[in-house]
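Chemist: If you scroll down you'll find the structure; I have some questions about it.
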């Protein structure tokens with residue numbers, strides 16, 4: 010970058026050499042008759058032009074390399090920042106806006122670092138070199154030609170004042186446009202399912218028109234500013250002819266000196282014209298740079314402590330909730346929840362929608378941090394575990410499955426890339442996925458689309474389950490993982506989970522009684538509190554679990570005992 014800017018200054022400073030040689034050519038050779046100087050002057054002129062051409066080429070190469078390398082590093086840093094953010098970051102930032110920052114905004118930064126910095130250094134060095142050179146020839150004519158500069162400065166000030174807010178608005182409307190496009194691409198199935206294509210086309214068209222209007226507004230302001238600066242800069246030629254002619258007539262300026270002034274009029278006019286372009290692009294740069302800087306310096310709240318625990322030993326799987334409370338946007342989700350899960354135990358979690366089932370397991374993996382209380386894994390507060398150690402010890406399979414645009418075996422081995430083909434097939438069989446995978450055209454090498462397009466809901470869930478099993482986690486969390494599979498497949502998966510060849514604590518979130526009744530204990534979440542029992546004890550009590558049993562027509566339900574009788578098992 011420094012070398013490129015230095016070459017820019019050197020090459021633009023060399024511009025004054027040709028007019029100086031032209032002055033000598035006219036005064037000494039043409040008028041003075043010193044013909045012996047003609048050939049050397051012409052050779053020097055050609056040599057200077059050739060040298061400038063070579064140095065300008067090297068300058069462009071230097072600045073382009075510097076800007077591309079800079080942007081690569083910024084983009085890598087921003088992606089690292091994004092990928093390490095907690096879930097709250099994605100809750101409050103739209104995907105389309107993040108993509109705009111990583112692509113369009115960074116591109117404006119690159120444009121400024123290469124093109125605008127080069128234009129600025131060119132203009133400043135050219136202007137200074139020209140003023141110094143012309144001052145040595147005739148200071149009076151130089152000052153007359155520079156008299157228009159304050160006028161351009163005033164016009165530029167008012168232009169910047171008006172254009173700044175327009176570019177902010179333009180940036181926001183581009184973000185809205187990208188967000189709308191991203192949502193429709195990701196949610197295309199929903200759009201088609203509800204036949205909302207026309208509505209979404211109109212919505213995108215509205216965003217597109219708003220973006221167009223903002224672009225036109227910025228363009229109109231530029232078209233009002235640019236011709237005025239052009240007119241003022243072009244007036245230098247008229248000033249030079251009138252004032253220069255008067256100085257020649259009174260004998261204070263030679264013909265050669267006037268030719269030098271004539272040859273360098275553009276060198277005063279161009280920086281003034283470029284000033285408008287530079288100011289226009291700088292306003293875009295400042296708007297985009299604010300967004301890039303905000304993302305560049307954002308730090309995740311959930312991060313490793315300097316004294317975090319990173320034991321090499323395998324986590325055993327003991328989980329303790331000690332008076333845990335959690336609020337989401339000031340809304341309480343869990344209230345003073347306490348329980349202990351022993352290593353190897355199978356726990357089922359049930360509850361109505363919004364009761365906090367998924368939140369509870371997210372807190373274990375520190376996707377969120379508790380508002381009050383503490384969560385311990387193997388008697389160590391999760392906030393004291395190294396995040397990579399904690400999360401790599403938790404195998405997670407959710408109902409909302411995301412599969413990458415990769416092969417089937419690539420998705421299964423995502424958490425453990427070193428898995429052999431034999432192990433991949435073993436975990437696929439454990440998730441009841443091997444049978445339908447082998448029926449695919451390329452088997453385990455079949456490319457599946459983003460989010461598992463081309464697979465049924467049950468097939469995607471089974472691949473996600475195989476992916477969770479493939480890391481042989483000490484803690485396995487299944488969040489409604491079998492909701493889209495048939496009862497026979499679900500029974501097969503349950504049998505496979507019972508006979509895993511590695512020790513693990515299993516947490517199963519489900520709404521089917523058939524999925525939870527064989528668990529060692531069942532947690533029922535309701536209004537932030539938790540009720541704990543076994544299938545037998547919970548179905549004998551009135552409450553959510555009993556209601557679910559009745560809704561799912563569970564046969565031979567025992568009667569609810571009298572209130573005065575005592576029943577062992579349930580605990581709050």
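In the working numbering, the protein residues as written are 10 to 581. Yeah, the Cβ is synthetic: ideal placement off N, Cα and C, and Gly gets one too. Remember, predicted model here, so these are calculated numbers, not experimental data.
(1) Looking at the structure shown, is residue 183 part of a helix, part of a strand, or coil, going by DSSP?
(2) So, residue 287 versus residue 128, is the Cβ gap smaller than 8 Å?
(3) Quick one, which of 374, 526, 246 has its alpha-carbon nearest residue 313's?
(4) Considering only their Cβ atoms, is the gap separating residue 61 from residue 23 smaller than 8 Å?
(5) Does the pairing of the region 511-527 with the region 353-360 give three or more beta-carbon distances under 8 Å?
(6) My output table needs one value for residue 352: the three-state DSSP class, helix, strand or coil.
(7) Taking residue 452 as the reference, which of 329, 393, 421, 59 has the closest Cα?
(8) So, for residue 482: in the same chain, excluding its five sequence neighbours on each side, which residues have a beta-carbon less than 7 Å away from its beta-carbon?
(9) Which complete alpha helix (DSSP H) runs does the region 381-423 hold, if anything under 4 residues is left out?
(10) On the criterion of 16 or more Cβ atoms from any shown chain inside 10 Å, does residue 559 qualify as buried, or is it exposed?
(11) Just to confirm the assignment, what range does the beta strand (DSSP E) spanning residue 532 have?
(12) Can you list, in chain order, the residues of its chain whose CB lies under 7 Å from that of residue 73, leaving out five sequence neighbours each side?
(13) Please look up how many angstroms separate the CB atoms of residue 86 and residue 305, rounded, as I've assumed it's under 8 Å.
(14) Would you kindly report the start and end of the unbroken alpha helix (DSSP H) that includes residue 214?
(15) Could you tell me whether the region 273-286 touches the region 242-259, where touching means 3 or more Cβ pairs closer than 8 Å?
(16) Between residue 400 and residue 569, what straight-line distance do the alpha-carbon atoms span, to the nearest angstrom?
(17) Touch check for the region 377-392 and the region 522-542: three-plus C-beta pairs under 8 Å?
(18) Are residue 480 and residue 425 closer than 8 Å when you measure CB to CB?
(19) Put residue 455 into one of helix, strand or coil per three-state DSSP.
(20) Where does residue 9 land, buried or exposed, given buried means 16+ other C-beta within 10 angstroms?
(21) Can you say whether residue 114 is buried or exposed, counting buried as having 16 or more other CB atoms within 10 angstroms of its CB?
(22) In whole angstroms, what separates the C-alpha of residue 250 from that of residue 270?
(23) Let me make sure I understand the geometry here. Which of 160, 338, 94, 351 has the alpha-carbon closest to that of residue 4?
(24) The beta strand (DSSP E) that contains residue 335, what's its start and end?
(25) Who does residue 343 pair with in a DSSP beta bridge?
(26) Within the same chain, show all residues whose beta-carbon is closer than 7 Å to that of residue 344, passing over the 5 residues directly before and after it, in chain order.
(27) Return the chain-ordered list of same chain residues with a C-beta closer than 6 Å to the C-beta of residue 473, the five sequence neighbours on each side being excluded.
(28) Per DSSP, which one or two residues make a beta bridge with residue 542?
(29) What separation, rounded to the nearest whole angstrom, lies between the Cα atoms of residue 168 and residue 183?
(30) Note down, in chain order, each residue of its chain lying with its Cβ closer than 6 Å to the Cβ of residue 575, except the 5 sequence neighbours on either side.
(31) For residue 555, which residues in the same chain have their Cβ closer than 6 Å to its Cβ, ignoring the five residues on either side in sequence?
(32) The ligand MG and residue 281: does the residue's C-beta get closer than 7 Å to at least one heavy atom of that ligand?
(33) So what's residue 516 in DSSP terms, helix, strand or just coil?
(34) With 16 as the cutoff for other CB atoms within 10 Å, does residue 434 come out buried or exposed?
(35) Only counting the same chain, and skipping five residues up and downstream in sequence, which positions put a Cβ closer than 8 Å to that of residue 197?
(36) Whole alpha helix (DSSP H) runs in the region 138-171 with 4 or more residues, listed along the chain?
Modeler: Judging by the given coordinates:
(1) Looking at residue 183 - three-state DSSP - the assignment turns out to be helix.
(2) Closer than 8 Å, so yes.
(3) Checked all of 374, 526, 246; the closest Cα to residue 313 is 374.
(4) Yes, these two residues count as a Cβ contact at 8 Å.
(5) They touch, by the three-pair rule.
(6) DSSP, read as helix, strand or coil, puts residue 352 in coil.
(7) Its Cα nearest to that of residue 452, the residue 421 stands out among 329, 393, 421, 59.
(8) Counting only Cβ-Cβ distances below 7 Å, and skipping sequence neighbours, we find 402, 403, 404, 513.
(9) Given a length threshold of 4 residues, each whole run of the alpha helix (DSSP H) inside the region 381-423 is given here in chain order: 396-401, 417-421.
(10) Looking at its Cβ environment, which holds fewer than 16 other Cβ atoms inside 10 Å, residue 559 is exposed.
(11) Residue 532 -> beta strand (DSSP E) spans 530-535.
(12) Residues of the same chain with a CB within less than 7 Å of the CB of residue 73, apart from the 5 flanking positions on each side, are 123 in chain order.
(13) Residue 86 to residue 305, Cβ: 6 Å. Contact.
(14) Counting along the chain, the alpha helix (DSSP H) containing residue 214 begins and ends at 206-258.
(15) Flag = yes, the region 273-286 and the region 242-259 touch.
(16) When the Cα atoms are used, residue 400 and residue 569 turn out to be separated by approximately 42 Å.
(17) No, because fewer than three Cβ pairs between the region 377-392 and the region 522-542 fall closer than 8 Å, the two stretches do not touch.
(18) Contact: yes.
(19) Residue 455: coil per DSSP, three-state reduction.
(20) The first residue shown for the chain is 10 and the last is 581, placing residue 9 beyond what the model contains.
(21) Residue 114 is buried by the Cβ-count criterion.
(22) If I take the Cα positions, the gap works out to 9 Å.
(23) The chain is shown only over 10 to 581; residue 4 falls outside these bounds and no answer can be derived.
(24) Per DSSP, the unbroken beta strand (DSSP E) holding residue 335 starts and ends at 328-337.
(25) Beta-bridge annotation (DSSP): residue 343 is paired with 335.
(26) Contacts found: 334, 537, 538.
(27) Excluding its 5 nearest sequence neighbours in each direction, residue 473 has C-beta neighbours in its own chain below 6 Å: 406, 410, listed in chain order.
(28) Answer by DSSP bridge pairing, in chain order: 531.
(29) Spanning the two alpha carbons is a distance of roughly 22 Å.
(30) Low confidence applies to residue 575: its pLDDT is 44, below 50, so where it sits in the model is not reliable, and the reading given next is rough at best. Its chain contains no residue whose beta carbon lies nearer than 6 Å to that of residue 575 once the 5 sequence neighbours on both sides are disregarded.
(31) Taken in chain order, the residues that qualify are 548.
(32) For the structure depicted, the ligand MG is absent and the ligand set is empty, with no information on it obtainable.
(33) Residue 516 falls in the strand class under three-state DSSP.
(34) Around the beta carbon of residue 434, 16 or more other beta carbons sit within 10 angstroms, so the residue counts as buried.
(35) If you ignore the 5 residues before and after residue 197, its C-beta comes within less than 8 Å of no other C-beta in its own chain.
(36) Every unbroken stretch of the alpha helix (DSSP H) spanning 4 or more residues and falling wholly within the region 138-171 is given here in chain order: 148-154.
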